[in-house]
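Report on the following structure.
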Amino acid sequence: MSDPKSAPKTDPRTDAPAAGEAGPEQKPRDFIREVIEEDLRSGKHARVATRFPPEPNGYLHIGHAKSICLNFGIARQYGGTCNLRYDDTNPSKEDVEYVDAIEADVRWLGFDWDDRKYYASNYFGPLYQFAEELIQKGLAYVDDQSAEEIRVNRGTLTQPGKPSPHRDRTPAENLDLFRRMRAGEFPDGSRVLRAKIDMASPNIVMRDPTLYRIRRAHHHRTGDAWCIYPMYDFTHCISDALEGITHSICTLEFEINRPLYDWVLDHVSVPCHPRQIEFARLNLTYTVMSKRKLLQLVQDGLVRGWDDPRMPTLAGLRRRGVTAEALRLFCERIGVAKRDSQVEVELFEHCLREDLNTRARRVMAVLRPLKVVIENYPEGQVEELDAAYFPDDPPKMGYRKVPFSRELYIERDDFMEEPPKKFFRLAPGREVRLRWAYLLKCERVVKDPATGEIVELRCSIDPHTLNQNPADGRKVKGTIHWVSAAHALEAEVRLVDRLFKVERPGEERDFLQDLNPASMEVLPAARVERSLSEAAAGERFQFERVGFFAMDADSRPGKPVFNRIVSLKDSWARIAKAEAGK
RNA sequence: UGAGGCGUCGUCUAAGGGUAGGACGUCAGCCUUUGGAGCUGAUUAUCUAGGUUCGAAUCCUAGCGCCUCAGCCA
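Note that our numbering has the first sequence beginning at 178, numbered continuously upward.
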């Protein structure tokens, strides 16, 4: 045995190396960490400070999880800090409702900001002072043009803009006007404060960008204290600087804004100048990530809410039963780079299975019940059979008793009257293993005389095969799961599937046209084994041979509800599909 | 056709002048009282064309393609 002290472990599911392990031979895992390590090595920074800056105007989704894992993960890895900061500069879009949800999501993901919760709106005072500083330096002016005029005069991608007629107002005049803007002397939209940079810049962002607008809206934090609000480009960089952020990590679409980020910080009296670094946001196949589209799904009632288990929101994933560990594992596996990418949802599903496989107790549940009567088993007899919760390593999770009796339910899919080749489950005259119990042979098929539907199977067991193979050496290929009809609980099972039926929803037509009509199949009369009567909402199980499931909050005593987190890999489905295609 | 960015297996991501590697997916096999898990193996990639070099995914030149930007959104 190796000495645990000499063999420090790194948990691949977190990015926290054991203390002292981050030696010089340890390579950074992405280009951002490369930059950070260089800054640490060169002495540019003695510590690392990042931030996660959501706007409280919607729920967090799996794309945010990538950013959260990056920002908080880097802070954790390098012994630094990561602030939670709300980018709340647009009162007409934001709401406290989202603030609470965001915090719950970040905590659930496994990260913490201690006492470093900030709001950009807390900086409205300093921000205003910095704006006056720019005015006094002749670097900002009040513009009376309408939004339309400003737009027209901004020029186009190939043509330079035209200077505003108010561009050369004196600092004194601008200061007076700006103070009166703040004092509420002018109507909404009548004037803005603009940076005086370069109307001919090839980068449109630099053509005298708007810094402040007049907007009489109630702010969720500052109430009616302000009628002017700063814009993102002015606010974000200064907020970063005021918080002593060293590396301001954001997504690619802000790359074009970086010159403005740097311009503002170069011209106001802030204590430091953080470095903005951009990475590619997460795109996932078979899903949509835009706030607008997610909001539409909720508002149009196409899903049951922000926490609908089909949604890519953190709330939805959590309700579905996804673990924070699996999500973190996924965020690590996808990596961080600058090129646009679309990650296959199969990788996410793989991470789910990898994590759940080691932690979910195995139980039996029959989704679409088919009754089986064992003709050679005495009526009224019940055997309590031992079944391991984790058959690959039974001591790990222990055992429960599973009742066995004359009448069972098996999965309808596990019986075929005319089985194709390679189908080795139950069929007339064929024998299978009942999990944890006996060999079962199908003697007769009972059908509804009117419809021809199979209503029941009459079967027999081999009484000498309880947890052992038959003495005559005959082999059975299939093992199927079952529940005792008299002891099972009725349950609702929600077969959660991909929300969209195409890899890139909305690419060829409106994204709503791409919704998967079978994204949540509800089975109201599934049967689950007796032991599940003690399950609690949020608990996760593997329904053997079927998939991983989590008990939903909609569960009621005597009528549990389960969401499918992810199915098990189904190689029979692959075979059947291949056979059908021949 | 302005500016900024990006092009490596089907997908995501390494290699930063010296064996193009890993993961997911796919395919084949082994194993199995979960057609799960696990184990073996296979498959397939440097956008193009020149150049520098003993040697180029990497450096240079010229192309090509994709993404972002013309909110008083972030």
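The C-beta atom is built at its ideal place from N, Cα and C for all residues, glycine as well.
Could you have a look at A757 and say whether DSSP puts it in helix, strand or coil? Locating residue 757 in the first sequence gives position 580, counting from the first residue. A757 falls in the helix class under three-state DSSP.
Which ranges does the alpha helix (DSSP H) cover as unbroken runs of at least 4 residues, wholly within the region 321-398, from first to last along the chain? 324-330, 348-360
I'd like to know whether the C-beta atoms of D591 and I657 end up nearer to each other than 8 Å. Numbered from 1 along the first sequence, position 414 holds the residue referred to as residue 591. Numbered from 1 along the first sequence, position 480 holds the residue referred to as residue 657. Cβ atoms of D591 and I657: closer than 8 Å.
Alpha carbon of K618 to alpha carbon of V559, nearest angstrom: Translated into the one-based positions of the first sequence, residue 618 becomes position 441. Translated into the one-based positions of the first sequence, residue 559 becomes position 382. In this structure, the CA atom of K618 is about 19 Å from the CA atom of V559.
Less than 8 Å between the C-beta atoms of L352 and Q322, yes or no? Translated into the one-based positions of the first sequence, residue 352 becomes position 175. Translated into the one-based positions of the first sequence, residue 322 becomes position 145. Taking 8 Å as the Cβ cut-off, L352 and Q322 do not qualify as a contacting pair.
Buried or exposed for I742, please, with buried defined as at least 16 other CB atoms from any protein chain shown within 10 angstroms of its CB. As a first step, residue 742 is located in the first sequence; it is residue number 565 there, counting from the start. Label assigned to I742: buried.
So is I433 buried or exposed if we call it buried at 16+ other beta carbons inside 10 Å? As a position in the first sequence, residue 433 is number 256, starting the count at 1. By the 10 Å Cβ count, I433 comes out exposed.
Would you identify the three-state DSSP class for W290, choosing helix, strand or coil? Reading the first sequence from its first residue, position 113 is the one you call residue 290. Reduced to three states, the DSSP call for W290 is coil.
Top-ranked residue by Cα proximity to I426, from F411, L603, I454: Sequence index remark: in the first sequence, residue 426 carries index 249 (1-based). Answer by Cα proximity: I454.
When DSSP builds the beta bridges, which residues end up paired with E667? To locate residue 667, count along the first sequence from 1; it is residue 490. E667 is bridged to R704.
Are the Cβ atoms of V382 and L437 separated by less than 8 Å? To locate residue 382, count along the first sequence from 1; it is residue 205. To locate residue 437, count along the first sequence from 1; it is residue 260. In contact: V382 and L437 (Cβ atoms closer than 8 Å).
At what residues does the alpha helix (DSSP H) containing V212 begin and finish? Residue 212 sits at position 35 when you count from the first residue of the first sequence. Unbroken alpha helix (DSSP H) run through V212: 208-219.
What is the rounded straight-line gap between the Cα of D282 and the Cα of V480? Within the first sequence, numbered from 1, the residue matching residue 282 stands at position 105. Within the first sequence, numbered from 1, the residue matching residue 480 stands at position 303. Going by the C-alpha atoms only, they are around 20 Å apart.
List the DSSP bridge partners of L491. Within the first sequence, residue 491 is the residue found at index 314, counting from 1. Partner(s): none; L491 has no beta bridge.
Ranges of the beta strand (DSSP E) found wholly within the region 388-469, counting only runs of at least 3: 405-407, 424-428, 452-456
In three-state terms, what does DSSP make of K578? Start at 1 with the first residue of the first sequence, and residue 578 comes out as number 401. Three-state DSSP puts K578 in a strand.
Who does A564 pair with in a DSSP beta bridge? On the first sequence, position 387 is the one that residue 564 refers to. Looking at the DSSP assignment, A564 forms a beta bridge with R577.
In angstroms, rounded to a whole number, what distance separates the CA positions of D216 and V543? Residue mapping note: residue 216 aligns to position 39 of the first sequence, counting from 1. Residue mapping note: residue 543 aligns to position 366 of the first sequence, counting from 1. C-alpha separation (whole angstroms): 57 Å.
Would the beta-carbon of T586 fall within 8 Å of that of W483? Taking the first residue of the first sequence as 1, we reach residue 586 at position 409. Taking the first residue of the first sequence as 1, we reach residue 483 at position 306. For the sequence presented, residue 586 should be read as Tyr rather than Thr. Against a cut-off of 8 Å, the Cβ pair of W483 and Y586 comes out as no contact.
Are the beta-carbon atoms belonging to V549 and C636 less than 8 Å from one another? The residue you call residue 549 lines up with position 372 of the first sequence. The residue you call residue 636 lines up with position 459 of the first sequence. A contact, by the Cβ cut-off of 8 Å.
With C-beta atoms as the reference, is R228 less than 8 Å away from N260? The count along the first sequence starts at 1 and reaches residue 228 at position 51. The count along the first sequence starts at 1 and reaches residue 260 at position 83. A contact, by the Cβ cut-off of 8 Å.
Would you please state the rounded distance, in angstroms, between the beta carbons of T462 and P489? I believe it to be under 8 Å. Taking the first residue of the first sequence as 1, we reach residue 462 at position 285. Taking the first residue of the first sequence as 1, we reach residue 489 at position 312. Incorrect: roughly 11 Å between the Cβ atoms, too far for contact.
First through last residue of the alpha helix (DSSP H) which encompasses Y305: Numbered from its first residue, the first sequence carries residue 305 at position 128. Counting along the chain, the alpha helix (DSSP H) containing Y305 begins and ends at 301-313.
Where L491 and V522 are concerned, what is the direct C-alpha to C-alpha distance, given to the nearest angstrom? Numbered from its first residue, the first sequence carries residue 491 at position 314. Numbered from its first residue, the first sequence carries residue 522 at position 345. Their backbone Cα atoms lie some 15 Å apart in a straight line.
Quickly, what does DSSP pair R538 with across the bridge? List them, please. Here residue 538 refers to the residue found at position 361 when the first sequence is read from its first residue. Its beta-bridge partners are F718.
Please classify Q719 as buried or exposed, where buried requires at least 16 neighbouring CB atoms within 10 angstroms. On the first sequence, position 542 is the one that residue 719 refers to. The residue in question, Q719, is buried, as its Cβ has 16 or more Cβ neighbours within 10 Å.
Just verifying my parser: in three-state terms, what is the DSSP assignment at A750? Translated into the one-based positions of the first sequence, residue 750 becomes position 573. DSSP places A750 in helix when its eight states are reduced to three.
If the criterion is Cβ atoms closer than 8 Å, does the pair I391 and D410 meet it? Taking the first residue of the first sequence as 1, we reach residue 391 at position 214. Taking the first residue of the first sequence as 1, we reach residue 410 at position 233. Against a cut-off of 8 Å, the Cβ pair of D410 and I391 comes out as no contact.
For N727, which of helix, strand or coil comes out of DSSP? As a first step, residue 727 is located in the first sequence; it is residue number 550 there, counting from the start. According to the sequence displayed, residue 727 carries Ala and not Asn. The answer is strand: DSSP assigns A727 an E or B state.
For the beta strand (DSSP E) that contains E584, what are its first and last residues? As a working mapping, residue 584 is identified with position 407 in the first sequence. Taken as a continuous stretch (DSSP letters only), the beta strand (DSSP E) holding E584 covers 584-588.
Alpha carbon to alpha carbon, how far is D674 from A695? Give it in angstroms, no decimals. By one-based count along the first sequence, residue 695 stands at place 518. By one-based count along the first sequence, residue 674 stands at place 497. Note on geometry: alpha-carbon atoms of A695 and D674 lie some 7 Å from one another.
CA-to-CA distance, Y296 to G421, given in whole angstroms: Counting from one through the first sequence, the residue named residue 421 turns up at place 244. Counting from one through the first sequence, the residue named residue 296 turns up at place 119. Straight-line Cα distance between these residues: approximately 15 Å.
Taking just the CA atoms, how far does A501 sit from R536? Taking the first residue of the first sequence as position 1, residue 536 is located at position 359. Taking the first residue of the first sequence as position 1, residue 501 is located at position 324. Take the alpha-carbon of R536 and the one of A501: they are about 13 Å apart.
Under three-state DSSP, which class holds W285? Here residue 285 refers to the residue found at position 108 when the first sequence is read from its first residue. In the structure shown, W285 sits in a helix (DSSP, three-state: H, G or I).
Leaving out the 5 sequence neighbours to the left and right, which residues in its chain are closer than 8 Å to I415 when beta-carbon positions are compared? Taking the first sequence and counting its residues from 1, the one referred to as residue 415 is at position 238. Short of 8 Å from the beta carbon of I415, and not among the five residues preceding or following it, lie these beta carbons of its own chain, in chain order: Y300, P303, L304, F307, V441, L442, V445, V447.
In the region 614-661, which residue ranges form an unbroken beta strand (DSSP E) of at least 3 residues, counting only runs that do not cross its ends? 616-624, 631-639, 659-661
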